[in-house]
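Counting from 621, one number per residue, gives the positions in the sequence shown under the numbering used here.
Even for Gly, the Cβ is constructed at its ideal location relative to N, Cα and C.
What follows is a set of notes on a single structure, which appears directly below.
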Amino acid sequence: MTSRGKYETRLDPALWAYIDAVNAWYPPEIIGLPIDKQRAVYDRMCRAFHRGRPPGVKTSDGLIAAAGRDIPVRHYQLAGKAARATVLYYHGGGFILGGLESHDDICAEICAGTGFDVLSVDYRLAPEHVHPAAFDDAVTAFEWAAAATSLPLVLCGESAGGNLAAGVAQATRRGAVIGQVLIYPELGGDESAGSYVEHADAPLLSLHDIAFYRDVRSAKRQSPDDPTFSPLRDTDFSGLPPTVIVTAECDPLSSDGETYRDRILAAGGKAFWHEEPRLVHSFLRGRATVPAAAEAFERIIAAVAALGKGEWPY
Numbered sequence: 621m622t623s624r625g626k627y628e629t630r631l632d633p634a635l636w637a638y639i640d641a642v643n644a645w646y647p648p649e650i651i652g653l654p655i656d657k658q659r660a661v662y663d664r665m666c667r668a669f670h671r672g673r674p675p676g677v678k679t680s681d682g683l684i685a686a687a688g689r690d691i692p693v694r695h696y697q698l699a700g701k702a703a704r705a706t707v708l709y710y711h712g713g714g715f716i717l718g719g720l721e722s723h724d725d726i727c728a729e730i731c732a733g734t735g736f737d738v739l740s741v742d743y744r745l746a747p748e749h750v751h752p753a754a755f756d757d758a759v760t761a762f763e764w765a766a767a768a769t770s771l772p773l774v775l776c777g778e779s780a781g782g783n784l785a786a787g788v789a790q791a792t793r794r795g796a797v798i799g800q801v802l803i804y805p806e807l808g809g810d811e812s813a814g815s816y817v818e819h820a821d822a823p824l825l826s827l828h829d830i831a832f833y834r835d836v837r838s839a840k841r842q843s844p845d846d847p848t849f850s851p852l853r854d855t856d857f858s859g860l861p862p863t864v865i866v867t868a869e870c871d872p873l874s875s876d877g878e879t880y881r882d883r884i885l886a887a888g889g890k891a892f893w894h895e896e897p898r899l900v901h902s903f904l905r906g907r908a909t910v911p912a913a914a915e916a917f918e919r920i921i922a923a924v925a926a927l928g929k930g931e932w933p934y
């Protein structure tokens with residue numbers, strides 16, 4: 621069991637039950653194992669937490685052809701409903717874990733909750749493919765989706781996927797994206813201040829974990845100031861789509877959401893940041909058993925739905 625420290629009373633019992641369940645499947649010390657072993661354990665955990673797809677959601681798998689590679693994608697549609705938008709979804713997993721299966725039920729629930737099409741992108745993972753491989757795949761998938769559909773596009777990413785969504789929005793600004801929703805994203809913020817300090821040892825994601833994931837995906841001589849690697853290191857935040865960022869209070873990454881909001885607002889854009897109180901990183905997977913996580917996911921789906929209709933929800 622994780623040492624609960626100052627979080628013993630800060631988090632509610634339902635959330636602790638979820639944290640203990642995650643750690644039983646994917647213990648913190650696993651970060652010292654070879655990546656293929658980490659993936660095998662993570663994939664088993666994801667299967668154990670999978671909630672199934674809501675009724676009426678149908679899926680099809682495909683490939684996006686790119687130079688020297690194919691990018692697997694999964695398309696979610698709600699039967700009998702004409703979609704008003706397409707959500708491009710980038711999964712979490714520290715840039716080394718996850719794929720089409722790990723976030724399958726989350727994507728299916730976004731589809732059911734909004735009525736929108738959802739396209740989940742299986743971008744290349746580190747360490748086999750260091751930066752900018754995942755970013756390049758994320759942009760390629762966006763360009764393909766923009767060409768393949770006349771529907772408005774909403775970017776949505778969770779954790780590492782939030783980094784990719786923000787990177788795509790910044791690389792393609794003033795383009796086809798009608799909005800973006802970032803869920804506890806890793807954006808390359810100041811690690812000497814804010815939540816990075818206050819929650820350096822938070823359950824399910826620590827500052828040590830963040831450094832590990834960053835190092836694994838870094839190419840040799842990777843510049844920390846590369847905005848495709850760390851979106852907050854950009855110098856221009858103008859022309860970005862309306863942006864909603866949702867973070868967890870007890871997560872070292874939470875300050876990234878606040879800072880990203882402030883940068884977009886300062887550049888004259890629309891942005892809203894909400895910090896979910898008393899929750900931790902990766903709370904989406906706890907939505908079946910943690911009421912606060914379920915309510916947060918409902919707010920995320922509502923934000924996606926509003927942005928896809930061209931509405932500003934705040």
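Out of curiosity, what's the CA-to-CA distance linking residue i and residue j?
{"i": "Phe849", "j": "Pro911", "result": "34 Å"}
{"i": "Ala908", "j": "Arg841", "result": "42 Å"}
{"i": "Val759", "j": "Asp810", "result": "25 Å"}
{"i": "Ile716", "j": "Ser770", "result": "32 Å"}
{"i": "Gly676", "j": "Ala732", "result": "8 Å"}
{"i": "Asp835", "j": "Glu729", "result": "33 Å"}
{"i": "Val707", "j": "Gly625", "result": "39 Å"}
{"i": "Ile920", "j": "Ala914", "result": "10 Å"}
{"i": "Cys776", "j": "Ile803", "result": "8 Å"}
{"i": "Ala637", "j": "Glu778", "result": "22 Å"}
{"i": "Gly688", "j": "Ala831", "result": "30 Å"}
{"i": "Tyr627", "j": "Ala923", "result": "29 Å"}
{"i": "Glu763", "j": "Trp932", "result": "24 Å"}
{"i": "Leu653", "j": "Ser826", "result": "17 Å"}
{"i": "Phe669", "j": "Leu720", "result": "15 Å"}
{"i": "Lys657", "j": "Ala746", "result": "14 Å"}
{"i": "Ala839", "j": "Ala686", "result": "21 Å"}
{"i": "Ala641", "j": "Pro633", "result": "12 Å"}
{"i": "Lys701", "j": "His819", "result": "43 Å"}
{"i": "Tyr934", "j": "Thr629", "result": "31 Å"}
Measuring alpha carbon to alpha carbon, tell me which of the options ends up nearest residue i.
{"i": "Lys890", "options": "Val801, Arg744, Leu852", "result": "Val801"}
{"i": "His749", "options": "Gly777, His723, Tyr833", "result": "Tyr833"}
{"i": "Ala660", "options": "Ala923, Ser722, Ala702", "result": "Ser722"}
{"i": "Pro805", "options": "Glu818, Val738, Leu873, Pro847", "result": "Leu873"}
{"i": "Ser902", "options": "Ala822, Leu698, Asp846", "result": "Ala822"}
{"i": "Arg744", "options": "Ala637, Ala926, Phe736, Gly714", "result": "Gly714"}
{"i": "Asp829", "options": "Gly735, Glu649, Ala785", "result": "Glu649"}
{"i": "Gly782", "options": "Ala916, Tyr710, Ala813, Leu698", "result": "Tyr710"}
{"i": "Ala887", "options": "Ser858, Arg853, Lys678", "result": "Ser858"}
{"i": "Gly718", "options": "Gly700, Val738, Val693, Phe736", "result": "Val693"}
{"i": "Val774", "options": "Ala641, Gly700, Tyr934, Asp737", "result": "Asp737"}
{"i": "Ser740", "options": "Gly682, Ala753, Ala786", "result": "Gly682"}
{"i": "Ala753", "options": "Leu720, Thr734, Gly787", "result": "Gly787"}
{"i": "Arg793", "options": "Asp856, Val817, Asp846, Ser826", "result": "Asp856"}
{"i": "Phe755", "options": "Val817, Tyr934, Leu807", "result": "Leu807"}
{"i": "Asp742", "options": "Thr734, Gly735, His695", "result": "His695"}
{"i": "Arg671", "options": "Gly700, Asp724, Thr679", "result": "Asp724"}
{"i": "Gly930", "options": "Thr629, Ala699, Pro772", "result": "Pro772"}
Taking the CB atoms as reference points, tell me whether residue i and residue j lie closer together than 8 Å.
{"i": "Ile684", "j": "Ala761", "result": "yes"}
{"i": "Gly928", "j": "Arg704", "result": "yes"}
{"i": "Glu869", "j": "Pro897", "result": "yes"}
{"i": "Asp757", "j": "Ile691", "result": "yes"}
{"i": "Gln790", "j": "Pro851", "result": "yes"}
{"i": "Ser815", "j": "Asp882", "result": "no"}
{"i": "Ala766", "j": "Ala796", "result": "yes"}
{"i": "Ala780", "j": "Gly712", "result": "yes"}
{"i": "Val864", "j": "Ala916", "result": "no"}
{"i": "Ile884", "j": "Leu904", "result": "no"}
{"i": "His751", "j": "Arg837", "result": "yes"}
{"i": "Leu631", "j": "Gly906", "result": "no"}
{"i": "Ala925", "j": "Thr734", "result": "yes"}
{"i": "Ala813", "j": "Ser875", "result": "yes"}
Since residue i contacts residue j with CB under 8 Å, what's their CB separation in whole angstroms?
{"i": "Ile639", "j": "Val900", "result": "7 Å"}
{"i": "Gly799", "j": "Pro847", "result": "Rounded, the Cβ-Cβ distance is 20 Å, inconsistent with contact."}
Answer yes or no: does any C-beta atom of chain B fall closer than 8 Å to that of residue i?
{"i": "Thr792", "result": "You won't find chain B in this structure, because it holds only one protein chain."}
Spell out a yes or no on whether the region 664–674 and the region 633–653 are touching, meaning 3 or more CB-CB pairs, one atom from each, closer than 8 Å.
-> At 8 Å Cβ cutoff, the stretches touch.
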